[in-house]
Amino acid sequence: MAADQAQGGFPVDPIHQFQIQTLIPLDFGGIDASFTNSSLWMVITMFAVTAFTIFAMRGRAMVPGRMQSIVEMSYEFVANMVRENAGSDGQKFFPFIFTLFMFVLFANLFGMFPYAFTVMSHIIVTFALAMTVFIGVTLVGFAKNGLGFLKLFVPDGAPGALLPLVVLIEIISYLSRPISLSVRLFANLLAGHITLKIFAGFIITFVSTGSVLGIAGAILPMGMIVALTALEFLVAFLQAYVFTVLTCMYLSDALHPGH
Amino acid sequence: MADNSDETSQSTRLTQGEVGALSDLEKRIHTAQRERHKTDLAESQKRNTDMGVGLRLSTEFIAGIIAGTGLGWLLDYWLGTTPLFLILGLGLGFAAAIMNVLRVTKNMGTSSVQTDDTKTDDTAGNTPGATE
Numbered sequence: 014m015a016a017d018q019a020q021g022g023f024p025v026d027p028i029h030q031f032q033i034q035t036l037i038p039l040d041f042g043g044i045d046a047s048f049t050n051s052s053l054w055m056v057i058t059m060f061a062v063t064a065f066t067i068f069a070m071r072g073r074a075m076v077p078g079r080m081q082s083i084v085e086m087s088y089e090f091v092a093n094m095v096r097e098n099a100g101s102d103g104q105k106f107f108p109f110i111f112t113l114f115m116f117v118l119f120a121n122l123f124g125m126f127p128y129a130f131t132v133m134s135h136i137i138v139t140f141a142l143a144m145t146v147f148i149g150v151t152l153v154g155f156a157k158n159g160l161g162f163l164k165l166f167v168p169d170g171a172p173g174a175l176l177p178l179v180v181l182i183e184i185i186s187y188l189s190r191p192i193s194l195s196v197r198l199f200a201n202l203l204a205g206h207i208t209l210k211i212f213a214g215f216i217i218t219f220v221s222t223g224s225v226l227g228i229a230g231a232i233l234p235m236g237m238i239v240a241l242t243a244l245e246f247l248v249a250f251l252q253a254y255v256f257t258v259l260t261c262m263y264l265s266d267a268l269h270p271g272h
Numbered sequence: 063m064a065d066n067s068d069e070t071s072q073s074t075r076l077t078q079g080e081v082g083a084l085s086d087l088e089k090r091i092h093t094a095q096r097e098r099h100k101t102d103l104a105e106s107q108k109r110n111t112d113m114g115v116g117l118r119l120s121t122e123f124i125a126g127i128i129a130g131t132g133l134g135w136l137l138d139y140w141l142g143t144t145p146l147f148l149i150l151g152l153g154l155g156f157a158a159a160i161m162n163v164l165r166v167t168k169n170m171g172t173s174s175v176q177t178d179d180t181k182t183d184d185t186a187g188n189t190p191g192a193t194e
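Chains as they are written, first to last, in this note's numbering: chain A, 14 to 272; chain B, 63 to 194.
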């Protein structure tokens, strides 16, 4: 054990990657609205999605090329998702759902680049997205069904005496949706990226022992990083997918509150 | 629609043997599709890792408690009845959390049952299990 070398603590700060750095300070009447590295990566994500979809579809070929078929596949993927989870009348909201999916997916994938900032690893970002979905879906529910939307909170076959309690619990359950939606996305990405950095730190600790055994031992965390990176790519996609599927399900609840 | 009627008018001109061969082909395509769908589903279920399920359930649970307790705390904050609604909210939030978890696990149970008969179109391959 080379405890004396590692005495200065862990060689890598696994949280450092999530630090917000102000790039252009902005101040609107005491509200700090600075343009940060997080904003920068959101803007990059937005431009990348737009550029990707527009340029890839520029040819509008009957037989799609490589890029065009990627865009067509993602279009069909989201369209099927909306149709199956929100029903055919949910198709009206396809543009929003597609934008949401592409934004989260691209933000997550950009986060996999070294030195890039993972936008979705901050709970305020995912919570803002989840609240947008939550408020939007609630408004849609009331606009579509009027007060009939409140039927969502009254389960079938509840005995009369227990009804107020059950309705209260249902309302709390409904209010917990944006929390679980945002926490899931944020926690998955945060945990994954921290794990990667910690295993990277293990390599440095191993190698800094200087012994042959230590350098040979560094292969173990290295292999772990390779495996985890693959897993992180899966998580990046899966979490974008889960976020949008749940949005579709909430939308379906808003459109058909009866069941 | 137009394609469909075209096809039927064409098939009337076919001989008996050809019709038999076609329906045989159709059957084979259907079984192949079903097989493919099954493997897709199995794959998506495999992707549904234990850690994913655990995370899913724990977030649902924690979210319910946070929502209930937060609501109670807010009511206390407004009405100045400090511990009352916080405690009530914690209890109700706990109930809501259990309900959230039950709702998720119920869907997990059905997703393995409705493997082949409910959704036969090949698009269903990416739905149920992968909801992590």
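Where is the CB? At the ideal position from N, CA and C, for every residue including glycine.
Under the three-state DSSP convention, the category residue i falls into
{"i": "L39/A", "result": "coil"}
{"i": "G130/B", "result": "helix"}
{"i": "H135/A", "result": "coil"}
{"i": "H269/A", "result": "coil"}
{"i": "M161/B", "result": "helix"}
{"i": "Y128/A", "result": "coil"}
{"i": "F155/A", "result": "helix"}
{"i": "F109/A", "result": "helix"}
{"i": "G17/B", "result": "A query on residue 17/B cannot be resolved here, the shown segment of chain B reaching from 63 to 194 and no further."}
{"i": "G142/B", "result": "coil"}
{"i": "T197/B", "result": "Residue 197/B cannot be examined here, being either before or after the span of chain B that is shown, 63 to 194."}
{"i": "G100/A", "result": "coil"}
{"i": "F23/A", "result": "coil"}
{"i": "M262/A", "result": "helix"}
{"i": "P190/B", "result": "With a pLDDT of only 40 at P190/B, under 50, the local geometry of the prediction cannot be trusted, and the value read off the model is given with reservation. P190/B falls in the coil class under three-state DSSP."}
Beta-carbon contacts of residue i that lie in its chain and below 7 Å, excluding the five residues immediately before and after
{"i": "A156/A", "result": "none"}
{"i": "D266/A", "result": "L165"}
{"i": "M70/A", "result": "Q81, V84"}
{"i": "A7/A", "result": "There is simply no residue 7/A to check, as chain A begins at 14 and stops at 272 in what is shown."}
{"i": "L133/B", "result": "G151"}
{"i": "P77/A", "result": "E85"}
{"i": "L259/A", "result": "L194"}
{"i": "V25/A", "result": "K210, A213, G214, I217"}
{"i": "G72/A", "result": "G78, Q81"}
Cross-chain neighbours of residue i in chain A, by beta carbon under 7 Å
{"i": "M161/B", "result": "I182, S186"}
{"i": "L133/B", "result": "I185, L188"}
{"i": "L141/B", "result": "Under the 7 Å cutoff, chain A gives no residues; its nearest Cβ is about 17 Å from L141/B."}
{"i": "L154/B", "result": "L181, I182, I185"}
{"i": "A157/B", "result": "I182"}
Residues of its chain near residue i, where Cβ-Cβ distance is below 6 Å and the 5 sequence neighbours each way are ignored
{"i": "D138/B", "result": "T144, F147, L148"}
{"i": "F140/A", "result": "S195"}
Whole-angstrom distance between residue j and residue i, CA atom to CA atom
{"i": "H206/A", "j": "E245/A", "result": "8 Å"}
{"i": "T35/A", "j": "V56/A", "result": "15 Å"}
{"i": "L264/A", "j": "E97/B", "result": "32 Å"}
{"i": "V132/A", "j": "S51/A", "result": "6 Å"}
{"i": "F280/A", "j": "P234/A", "result": "The question about residue 280/A has no answer, for chain A in this structure spans 14 to 272."}
{"i": "L9/A", "j": "H135/A", "result": "Shown here, chain A extends from 14 to 272; a query on residue 9/A therefore has no answer."}
{"i": "G154/A", "j": "Y187/A", "result": "13 Å"}
{"i": "W135/B", "j": "A94/B", "result": "57 Å"}
{"i": "L87/B", "j": "A61/A", "result": "45 Å"}
{"i": "A129/B", "j": "A157/B", "result": "11 Å"}
{"i": "L122/A", "j": "D102/A", "result": "31 Å"}
{"i": "V220/A", "j": "P27/A", "result": "18 Å"}
{"i": "F162/A", "j": "L198/A", "result": "28 Å"}
{"i": "G173/A", "j": "G43/A", "result": "52 Å"}
{"i": "F123/B", "j": "T167/B", "result": "12 Å"}
{"i": "V180/A", "j": "T63/A", "result": "43 Å"}
{"i": "D45/A", "j": "P38/A", "result": "8 Å"}
Closer than 8 Å at the beta carbon, the chain B residues around residue i
{"i": "V304/A", "result": "The question about residue 304/A has no answer, for chain A in this structure spans 14 to 272."}
Chain B residues whose Cβ lies nearer than 7 Å to that of residue i
{"i": "N201/A", "result": "L117"}
{"i": "I192/A", "result": "A125, I128, A129"}
Sequence-distant residues of the same chain with beta carbon closer than 8 Å to residue i, five excluded per side
{"i": "Q78/B", "result": "none"}
{"i": "M161/B", "result": "G126"}
{"i": "F107/A", "result": "V91, A92, V95"}
{"i": "M113/B", "result": "none"}
{"i": "L209/A", "result": "I238, L241, T242, E245"}
Any C-beta of chain E under 9 Å from that of residue i
{"i": "L175/A", "result": "Judged by its chain identifiers, the structure shown contains no chain E, and its protein chains are A and B."}
The ligand ADP heavy atom lying under 8 Å from the CB of residue i
{"i": "H135/A", "result": "Among the components of this structure there are no ligands whatsoever, and the ligand ADP is therefore not found."}
>> So within the region 25–98 of chain A, which uninterrupted alpha helix (DSSP H) runs reach at least 4 residues, ignoring any that extend past its ends?
In response: Counting whole runs of 4 or more residues, the region 25–98 of chain A contains the alpha helix (DSSP H) stretches 50–69.
> Of all the alpha helix (DSSP H) runs that stay within the bounds of the region 159–239 of chain A, which reach a length of 4 or more residues?
Replying inline: 176–188, 190–220, 225–230
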